[in-house]
Structures are given as structure tokens and as C-alpha cells.
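Residue numbers (the working numbering): 7 to 86. Don't be surprised by glycine CBs; every beta carbon is placed ideally from N, CA and C. From a predicted model like this one, the values you see are computed outputs, not experimental measurements. Have a look at the structure below, then the notes.
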């Protein structure tokens with residue numbers, strides 16, 4: 007599948023585990039924090055073309071609302 011003569015696909019699966027802990031929670035040896043969650047919010051776009059196709063305008067409005075409510079400079083963000 008990955009060479010010049012490949013004509014198929016490779017079946018695969020993946021998984022992720024996300025561990026969220028309070029900053030003051032005990033840590034075990036070698037554990038480090040990779041990020042801080044500084045704000046959360048939700049929105050509902052109502053009816054759209056599909057559940058997996060939210061409104062880009064409303065998603066942008068949500069981010070703007072969160073940034074303003076929590077004094078976040080979007081230029082200082084590493085991940086959203």
C-alpha cells in the first residue's frame with residue numbers, strides 16, 4: 007500500500023487516552039503536565055447540514071466569546 011505499485015489500503019485502528027487532573031492532585035514519579043485547561047464553553051448550532059458539519063461561523067463566535075470572557079490572547083495559544 008505504501009510503495010509506488012501499491013493499489014490498496016492498510017486497515018488500522020487507533021486509540022487515545024486523555025488524563026485530566028487537577029493541578030494540586032498528587033503526581034507519580036516522572037509524570038509531567040503537558041498543558042493547562044484555562045477555559046471551556048459549549049455551543050449548539052441548531053440545525054446544520056449534518057452533525058459532523060457544525061457552522062464555521064458559530065464555531066468562530068464560540069472561540070471569540072471564550073477568549074473575551076477569560077481575557078485570553080489567541081496569539082498566545084499553542085493548542086485549541
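In whole angstroms, give me the CA-to-CA distance for residue i and residue j.
i: residue 69; j: residue 11; result: 45 angstroms
i: residue 45; j: residue 60; result: 21 angstroms
i: residue 62; j: residue 54; result: 11 angstroms
i: residue 74; j: residue 67; result: 11 angstroms
i: residue 32; j: residue 78; result: 28 angstroms
i: residue 82; j: residue 19; result: 34 angstroms
Can you list, in chain order, the residues of its chain with a C-beta nearer than 8 angstroms to that of residue i? Leave out the 5 residues immediately preceding and following it.
i: residue 64; result: 49, 51
i: residue 80; result: 69, 73
i: residue 39; result: 29
i: residue 85; result: 41
Under the assumption that residue i contacts residue j (Cβ atoms under 8 angstroms), give the Cβ distance between them as a whole number of angstroms.
i: residue 42; j: residue 72; result: Contact doesn't hold; Cβ gap of about 14 angstroms is too wide.
For residue i, which of helix, strand or coil comes out of DSSP?
i: residue 69; result: helix
Check each candidate in the options and name the one with the smallest Cα separation from residue i.
i: residue 26; options: 20, 37, 19; result: 37
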